[in-house]
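Novice:
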Amino acid sequence: MNACYNTLNTSHLIGLSFTAEAGFLSITAVLALFGIVVKNAIVRKRQPFRTHGDIYATSLFIGDVFQGVGSMLDLRWVRGQAVWCGSYCSAQGAFQTIGGTSIAFSTLAISVFTFSCLFLGWNPPESKLIPILVVVCAWLYSILFAAIGYAVYPKAPTDDGIPLYVPSPYWCWLQDSVPLRVFGEYLWIWIALVASIFLYVPLFFLLRGKIFVEIKEWHWIQYPSISRSRTERAISISKRRTYAEARRMLYYPGAYALTALPQIIARWSKAPAQVPIYERPFAGTSAAIFIFSLSGVVNVLLFLHTRPSMLGFGDDQSPPVLNRPVHEVLHHVVATCPECHNRRNMPCAPPPRSKLPPRKKEAIEEGEDSGAEVLEIVPTVWIGRDGTTSNYSISISEISL
Numbered sequence: 001m002n003a004c005y006n007t008l009n010t011s012h013l014i015g016l017s018f019t020a021e022a023g024f025l026s027i028t029a030v031l032a033l034f035g036i037v038v039k040n041a042i043v044r045k046r047q048p049f050r051t052h053g054d055i056y057a058t059s060l061f062i063g064d065v066f067q068g069v070g071s072m073l074d075l076r077w078v079r080g081q082a083v084w085c086g087s088y089c090s091a092q093g094a095f096q097t098i099g100g101t102s103i104a105f106s107t108l109a110i111s112v113f114t115f116s117c118l119f120l121g122w123n124p125p126e127s128k129l130i131p132i133l134v135v136v137c138a139w140l141y142s143i144l145f146a147a148i149g150y151a152v153y154p155k156a157p158t159d160d161g162i163p164l165y166v167p168s169p170y171w172c173w174l175q176d177s178v179p180l181r182v183f184g185e186y187l188w189i190w191i192a193l194v195a196s197i198f199l200y201v202p203l204f205f206l207l208r209g210k211i212f213v214e215i216k217e218w219h220w221i222q223y224p225s226i227s228r229s230r231t232e233r234a235i236s237i238s239k240r241r242t243y244a245e246a247r248r249m250l251y252y253p254g255a256y257a258l259t260a261l262p263q264i265i266a267r268w269s270k271a272p273a274q275v276p277i278y279e280r281p282f283a284g285t286s287a288a289i290f291i292f293s294l295s296g297v298v299n300v301l302l303f304l305h306t307r308p309s310m311l312g313f314g315d316d317q318s319p320p321v322l323n324r325p326v327h328e329v330l331h332h333v334v335a336t337c338p339e340c341h342n343r344r345n346m347p348c349a350p351p352p353r354s355k356l357p358p359r360k361k362e363a364i365e366e367g368e369d370s371g372a373e374v375l376e377i378v379p380t381v382w383i384g385r386d387g388t389t390s391n392y393s394i395s396i397s398e399i400s401l
């Protein structure tokens with residue numbers, strides 16, 4: 001069999017046509033989501049990247065676009081009824097490699113971030129430096145692997161070797177080299193799968209009430225003593241809602257496993273080289289690649305179902321749960337400040353360092369009508385970073401996710 005040219009039969013052409021359609025659907029879904037994000041940002045006059053999760057999710061969706069483009073390039077093989085080496089083949093292989101690797105990296109980052117926030121009680125800093133560095137490193141690795149490999153390997157079959165991307169045999173991907181395929185994609189997909197499942201197992205037991213994690217209190221606000229019954233009531237209400245949202249996030253590792261595992265198995269299981277391409281079973285391989293090409297559609301649907309507060313979706317009056325300080329997750333703090341008073345005491349960010357006006361009876365009554373159940377009105381001391389203090393009152397209320 002020629003390593004740089006393979007003819008395709010009717011079943012191959014049908015399967016590749018479905019794969020190209022799946023890639024088109026993924027690209028359309030992601031671009032539609034990005035369009036809504038841009039519209040929300042313009043209407044609300046607020047940039048959508050407010051949390052670490054926003055950056056990780058954006059990286060995941062961009063990876064889906066790369067993967068979708070790689071799948072859509074199958075249309076040329078359908079039209080030509082064959083696959084051959086060349087610049088077009090190298091472009092498809094690069095899109096496939098970059099897309100698959102970046103999706104794995106982004107899924108791993110989302111899993112670690114979610115676990116750290118919900119299970120370990122980590123409060124992400126306001127700075128976006130950490131997610132930016134993670135995303136930049138992941139994409140640099142993916143792009144440099146494809147670019148350096150393309151520059152080092154020959155562009156056409158020679159006595160010295162074959163190109164980096166060749167027919168595999170139904171579309172173009174990395175040549176039949178175990179080290180290249182492992183470090184180019186397989187390793188990171190398996191790390192993402194294993195790490196996601198490993199991290200979500202203790203989170204699953206936490207949500208089932210089998211594990212209790214004691215989270216340290218946030219030290220910016222000092223609470224006076226509150227009755228035990230009311231404190232337990234507030235924690236119970238907030239836990240139920242936080243856990244309900246976290247339980248939906250368990251879909252992510254499962255969805256990634258369902259879309260990634262079949263195509264890994266299909267690529268690793270190969271027929272002997274002496275078996276002609278038209279005699280090899282293709283239905284299973286075609287179905288596996290079709291499912292993986294739909295990853296963009298799956299991720300967009302999961303995003304809309306599980307993360308409505310990210311990327312400018314949902315209520316933009318309060319930060320998403322996964323980026324709130326720990327004390328705001330357990331006790332929803334509604335502070336009296338001019339901005340909050342004008343919005344009928346809607347949740348706002350922690351008070352500024354400047355002195356806040358004293359609590360008024362009208363504001364307290366208005367806070368009780370704001371839609372959240374007020375558990376207790378208590379005097380509180382705000383301690384700024386510079387050591388200054390300001391006295392004001394807050395209402396400990398039911399958390400609103």
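Residues in the sequence shown are numbered consecutively from 1, following the UniProt record's numbering.
Just so you know, even glycine gets a beta-carbon here, dropped at the ideal spot from N, CA and C.
1. Going by the beta-carbon positions, is the gap between phenylalanine 145 and glycine 99 smaller than 8 angstroms?
2. Going by DSSP in three states, leucine 174 sits in which element: helix, strand or coil?
3. Does DSSP put asparagine 9 in a helix, in a strand, or in coil?
4. Given 8 angstroms as the limit, is there contact between the region 15-35 and the region 184-202, that is, 3 or more CB pairs closer than that?
5. Less than 8 angstroms between the C-beta atoms of cysteine 4 and tryptophan 77, yes or no?
6. Can you round the beta-carbon distance between valine 166 and glutamine 175 to whole angstroms, since I take them to be within the 8 angstroms contact cut?
7. Go ahead and pull the three-state DSSP assignment for alanine 29.
8. Have a look at Leu108, Ile148, Arg46, Pro154 and flag the residue whose alpha-carbon is nearest the alpha-carbon of alanine 255.
9. With burial defined as no fewer than 16 other Cβ atoms inside 10 Å of the residue's Cβ, what is the status of isoleucine 62: buried or exposed?
10. Which whole-angstrom value describes the C-beta separation of valine 297 and serine 59, a residue pair presumed to lie in contact below a C-beta threshold of 8 angstroms?
11. If you drop the 5 nearest sequence neighbours on each side, which residues of the same chain put their C-beta closer than 7 angstroms to that of isoleucine 197?
12. The beta strand (DSSP E) that contains valine 166, what's its start and end?
13. Quick one: what does DSSP say methionine 254 is sitting in, helix, strand or coil?
14. Following the continuous beta strand (DSSP E) through tryptophan 84, name the residue where it begins and the one where it ends.
15. In whole angstroms, give me the CA-to-CA distance for isoleucine 148 and leucine 133.
16. Residues in its own chain within less than 7 angstroms of aspartate 160 by CB, not counting five upstream and five downstream?
17. Are there three or more Cβ pairs, one per stretch, closer than 8 angstroms when the region 114-122 is compared with the region 85-104?
18. Is the CB-CB distance between threonine 19 and isoleucine 289 below 8 angstroms?
19. Based on DSSP bridge pairs, tell me the residues matched to threonine 158.
20. Check whether the Cβ atoms of phenylalanine 292 and serine 11 sit closer than 8 angstroms, and answer yes or no.
21. Could you spell out where the alpha helix (DSSP H) holding phenylalanine 66 opens and where it closes?
22. Give the single residue among Lys39, Ala41, His52, Leu73 whose Cα lies nearest to the Cα of cysteine 172.
23. Does the Cβ of threonine 51 have 16 or more other Cβ atoms within 10 Å, making it buried, or fewer, making it exposed?
24. Check isoleucine 14 in the structure and name its three-state DSSP category.
25. Please report how far the alpha carbon of leucine 140 lies from the alpha carbon of tyrosine 56, in whole angstroms.
26. Can you grab the Cα-Cα spacing for the pair isoleucine 103 / glutamine 96, in whole Å?
27. Please tell me whether residue 408 and valine 135 are closer than 8 angstroms, where the distance is taken between their beta carbons.
28. Suppose you measure from the CA of leucine 261 to the CA of arginine 44; what does that come to, to the nearest Å?
29. How many angstroms separate the CA atom of glycine 284 from the CA atom of isoleucine 130?
30. I'd like the span of the alpha helix (DSSP H) that includes phenylalanine 95, first residue to last.
31. When you compare the CB positions of alanine 82 and phenylalanine 105, do they come within less than 8 angstroms of one another, or not?
32. Tell me whether phenylalanine 205 sits in a helix, a strand or coil according to DSSP, three-state version.
33. Determine the burial state of alanine 156: buried for a count of at least 16 other Cβ atoms within 10 Å of its Cβ, exposed for fewer.
34. Could you pull out every residue in the same chain whose Cβ sits closer than 7 angstroms to the Cβ of glycine 15, ignoring the five residues on either side in sequence?
35. With hydrogens ignored, establish whether the beta-carbon of tyrosine 88 is closer than 7 angstroms to any heavy atom of the ligand FAD.
Specialist: If we stick to the structure as given:
1. Walking along the sequence shown from the start, residue 145 turns up at place 145. Walking along the sequence shown from the start, residue 99 turns up at place 99. For phenylalanine 145 and glycine 99, no; Cβs fall outside 8 angstroms.
2. Here residue 174 refers to the residue found at position 174 of the sequence shown. DSSP places leucine 174 in strand when its eight states are reduced to three.
3. Translated into the one-based positions of the sequence shown, residue 9 becomes position 9. Secondary structure of asparagine 9 (DSSP, three-state): coil.
4. Counting Cβ pairs under 8 angstroms, fewer than three are found: no touch.
5. Position 4 of the sequence shown, counted from the first residue, corresponds to residue 4. Position 77 of the sequence shown, counted from the first residue, corresponds to residue 77. Going by C-beta atoms, cysteine 4 is not nearer than 8 angstroms to tryptophan 77.
6. To locate residue 166, count along the sequence shown from 1; it is residue 166. To locate residue 175, count along the sequence shown from 1; it is residue 175. Confirmed, Cβ separation roughly 5 angstroms.
7. As a working note, residue 29 is residue 29 in the sequence shown. Three-state DSSP puts alanine 29 in a helix.
8. Taking the first residue of the sequence shown as 1, we reach residue 255 at position 255. Comparing Cα-Cα distances from alanine 255 to each of Leu108, Ile148, Arg46, Pro154, the minimum goes to Leu108.
9. Position 62 of the sequence shown, counted from the first residue, corresponds to residue 62. Looking at its Cβ environment, which holds 16 or more other Cβ atoms inside 10 Å, isoleucine 62 is buried.
10. Looking up residue 297 in the sequence shown gives position 297. Looking up residue 59 in the sequence shown gives position 59. Not a contact, Cβ separation roughly 18 angstroms.
11. Against the sequence shown, residue 197 aligns to sequence position 197. Excluding sequence neighbours, isoleucine 197 sits near Pro253.
12. On the sequence shown, position 166 is the one that residue 166 refers to. Taken as a continuous stretch (DSSP letters only), the beta strand (DSSP E) holding valine 166 covers 165-167.
13. Counting from 1 along the sequence shown, the entry for residue 254 is found at position 254. A small correction: the amino acid at residue 254 is glycine; methionine does not occupy that position in the sequence shown. Helix at glycine 254.
14. Within the sequence shown, numbered from 1, the residue matching residue 84 stands at position 84. Looking at the DSSP string, the run of the beta strand (DSSP E) that includes tryptophan 84 is 82-84.
15. For the purposes of this step, residue 148 is identified with residue 148 of the sequence shown, where counting begins at 1. For the purposes of this step, residue 133 is identified with residue 133 of the sequence shown, where counting begins at 1. Near 21 angstroms, if we compare the C-alpha coordinates of leucine 133 and isoleucine 148.
16. Within the sequence shown, residue 160 is the residue found at index 160, counting from 1. Excluding positions up to five away in sequence, the list reads Pro154.
17. Segments in contact, no.
18. Your numbering for residue 19 matches position 19 in the sequence shown. Your numbering for residue 289 matches position 289 in the sequence shown. Judged by their CB atoms, threonine 19 and isoleucine 289 are nearer to each other than the 8 angstroms cut-off.
19. Locating residue 158 in the sequence shown gives position 158, counting from the first residue. For threonine 158, which the question treats as bridged, DSSP gives the partners Gly161.
20. Along the sequence shown, read from residue 1 onward, the residue named residue 292 stands at position 292. Along the sequence shown, read from residue 1 onward, the residue named residue 11 stands at position 11. Cβ distance not < 8 angstroms, so phenylalanine 292 and serine 11 don't count as in contact.
21. For the purposes of this step, residue 66 is taken as residue 66 along the sequence shown, with counting starting at 1. Here the alpha helix (DSSP H) through phenylalanine 66 covers 52-72.
22. Taking the first residue of the sequence shown as 1, we reach residue 172 at position 172. Check the Cα spacing between cysteine 172 and each of Lys39, Ala41, His52, Leu73: the tightest is with Leu73.
23. Along the sequence shown, one-based indexing puts residue 51 at 51. By the 10 Å Cβ count, threonine 51 comes out buried.
24. Translated into the one-based positions of the sequence shown, residue 14 becomes position 14. DSSP places isoleucine 14 in helix when its eight states are reduced to three.
25. Mapped onto the sequence shown, residue 140 falls at position 140. Mapped onto the sequence shown, residue 56 falls at position 56. Computed Cα separation, rounded: 15 angstroms.
26. As a position in the sequence shown, residue 103 is number 103, starting the count at 1. As a position in the sequence shown, residue 96 is number 96, starting the count at 1. Straight-line Cα distance between these residues: approximately 11 angstroms.
27. Shown here, the chain extends from 1 to 401; a query on residue 408 therefore has no answer.
28. Here residue 261 refers to the residue found at position 261 of the sequence shown. Here residue 44 refers to the residue found at position 44 of the sequence shown. Near 40 angstroms, if we compare the C-alpha coordinates of arginine 44 and leucine 261.
29. Taking the first residue of the sequence shown as 1, we reach residue 284 at position 284. Taking the first residue of the sequence shown as 1, we reach residue 130 at position 130. Those two C-alpha atoms are separated by around 40 angstroms.
30. As a first step, residue 95 is located in the sequence shown; it is residue number 95 there, counting from the start. Run containing phenylalanine 95: 87-118, per the alpha helix (DSSP H) assignment.
31. For the purposes of this step, residue 82 is taken as the residue at position 82 of the sequence shown. For the purposes of this step, residue 105 is taken as the residue at position 105 of the sequence shown. Cβ atoms of alanine 82 and phenylalanine 105: not closer than 8 angstroms.
32. Numbered from its first residue, the sequence shown carries residue 205 at position 205. Assignment of phenylalanine 205 by DSSP, reduced to helix, strand and coil, places it in the helix class.
33. Reading the sequence shown from its first residue, position 156 is the one you call residue 156. By the 10 Å Cβ count, alanine 156 comes out exposed.
34. As a position in the sequence shown, residue 15 is number 15, starting the count at 1. Closer than 7 angstroms at Cβ, skipping near neighbours: Phe282, Ser286.
35. This structure does not include the ligand FAD; it has no bound ligands of any sort.
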